[in-house]
Structure formats: C-alpha cells, structure tokens
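Participant: Below is a structure I'd like to ask you about.
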C-alpha cells in the first residue's frame with residue numbers, strides 16, 4: 002500500500018511570492034492534515050480537511066490556506082511568503098472517522114524562503 | 048490548553064543499552080489519546096503507538112515497551128537493546144478529542160536519540 006506522498010520535496014521561494022504544496026493520502030483515507038515543523042516552534046497543526054471541507058484549523062494567519070479534492074488529495078497554499086515561513090511542511094492522512102485513527106505522515110516538503 | 052513536555056532534549060547511548068524516553072502531558076479532557084512518533088533523518092513521522100485515556104495497560108512490542116500512568120500524567124517509551132537504526136527524533140503527542148478527531152495533535156519538542164556502536 003502506497004504511503005502519503007508529498008510533492009515537491011524541496012522548494013526555494015522569494016519573500017512575497019506564493020507557493021502551493023501537494024499531498025496524496027493513503028488510499029481509503031479521507032482526512033488530510035497539515036503540520037508545520039520549525040526548529041523554534043516545533044510541530045504545529047495548520048488545518049485538517051475531511052470530505053473536501055475544512056474540519057479543524059490551527060492558529061495560523063489567513064495567508065495559509067488549503068483545499069481538498071473529491072479524491073481526497075489536498076493542496077496547501079501560502080501567499081505573500083515571509084522568511085519565517087521557512088519550514089518542513091508535513092502532510093498526514095487518516096481514515097478520519099470518529100475512531101481517532103492515527104495519522105500517517107509523508108516525507109514532507111522543505112520550503113526555504115529567501 | 049493541552050501541553051506535552053519532553054524534558055530530555057538529546058540522549059546518547061551505546062548499542063545494546065536500554066533507553067527510556069520521558070513524556071509528561073497536561074489536559075483537562077477526561078478522554079484523550081496519546082501517541083509516540085519517530086522521525087528518522089528522512090523526515091517523515093512514523094507512527095509507533097496510540098493509547099487512549101481509558102487503557103492503562105502497558106504493552107511490550109518486540110524491543111519497544113510503553114508505560115502509561117494517568118496518576119502522574121506520564122507516557123514513557125522504552126527501547127530495549129537499542130540499535131543504531133533506532134537513532135531518530137522521538138515525539139510524544141496528545142490528541143484534542145473535542146475536535147472530534149485525532150488529527151489535531153499537540154506535540155512535544157522531541158527527544159533526539161543517538162545510538163552509537
């Protein structure tokens with residue numbers, strides 16, 4: 002069974018630009034969550050999508066947005082990039098029902114903002 | 048607010064030693080889930096174990112064992128006879144069941160385990 006796939010693995014962008022990251026969940030998983038990992042703040046929850054709807058949201062500014070497609074694939078967008086957005090962005094998928102199934106993570110996209 | 052504390056920033060052991068990673072959590076929820084994840088240099092977080100707040104039975108799985116104690120709000124993880132391949136950063140995490148799923152996790156800061164020959 003294929004795991005969670007994130008593309009691209011690495012990105013270098015300039016301040017002020019925008020970026021879109023992609024995540025393909027494990028087959029059968031309907032929930033996709035996004036996390037930001039930085040040395041200073043650690044792992045922080047961004048948002049979760051389930052059945053194409055945002056179900057939960059963390060404490061990030063509106064520049065961070067996402068969406069989920071009917072095949073459960075998800076994209077995350079960051080607009081007007083800032084230096085502090087440099088991080089490893091991890092996507093995770095789960096069945097997403099009420100059973101509190103564990104998250105399965107991808108390898109992440111490492112974003113560098115210069 | 049939920050909080051997870053991993054006081055050990057980095058641990059170095061020699062192969063075959065046993066090592067215990069500590070995790071202390073804070074939550075006002077009576078129902079919650081606790082997790083351990085491992086992050087090797089490749090970057091992905093690998094799920095190791097999940098425990099719910101009603102299941103204090105400790106478990107052994109191969110070289111791994113877990114000790115969950117609600118009385119002290121601790122969920123410690125032990126690797127027996129460590130191996131070089133165990134070198135990674137280990138994260139303890141707590142779920143916010145009020146959101147209806149376990150997707151919103153509060154992570155600890157992680158413990159870097161270095162196993163040398």
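Chains as they are written, first to last, in this note's numbering: chain A, 2 to 115; chain B, 48 to 164.
For every residue, glycine included, the Cβ atom is placed at its ideal position computed from N, Cα and C.
Only a predicted model underlies this, so the values are computations on that prediction, with no experimental measurement involved.
1) When Cβ atoms are compared, which residues of the region 28–51 of chain A fall closer than 7 angstroms to chain B?
2) Between the alpha carbons of residue 109 of chain B and residue 87 of chain B, how many angstroms are there, rounded?
3) Does the Cβ-Cβ distance between residue 63 of chain B and residue 134 of chain B come in under 8 angstroms?
4) For residue 82 of chain B, would you say it is in contact with chain A, using Cβ-to-Cβ distances shorter than 8 angstroms as the test?
5) Please report the Cβ distance between residue 47 of chain B and residue 138 of chain B, rounded to the nearest whole angstrom; I am assuming they are in contact, meaning their Cβ atoms lie under 8 angstroms.
6) Which chain B residues sit within Cβ distance under 8 angstroms of residue 67 of chain A?
7) Bridge partners of residue 111 of chain B, per DSSP?
8) Have a look at residue 54 of chain B and residue 70 of chain B and give me their C-alpha separation to the nearest angstrom.
9) Would you tell me roughly how many angstroms separate the C-alpha atoms of residue 95 of chain A and residue 105 of chain A, rounded to the nearest one?
10) Is the Cβ of residue 57 of chain A closer than 8 angstroms to any Cβ of chain B?
11) Pull up the distance between the alpha-carbon of residue 27 of chain A and that of residue 103 of chain B, whole angstroms please.
12) Residue 100 of chain B versus chain A: which residues are under 7 angstroms apart at the beta carbon?
13) Taking residue 103 of chain A as the query, report the chain B residues whose CB atoms sit under 8 angstroms from its CB, ordered along the chain.
Facilitator: Taking the coordinates as given:
1) 32, 34, 43, 44, 46 and 49
2) 19 angstroms
3) no
4) yes
5) In the structure displayed, chain B extends from 48 to 164; residue 47 of chain B sits before or after that span and is not available.
6) Ordered by position in chain B, no residue passes the 8 angstroms Cβ test against residue 67 of chain A, which lies about 13 angstroms from the chain.
7) B:108 and B:126
8) 7 angstroms
9) 6 angstroms
10) yes
11) 30 angstroms
12) By Cβ distance, chain A contributes nothing, its closest Cβ being about 11 angstroms from residue 100 of chain B, past 7 angstroms.
13) 82, 94, 97 and 149
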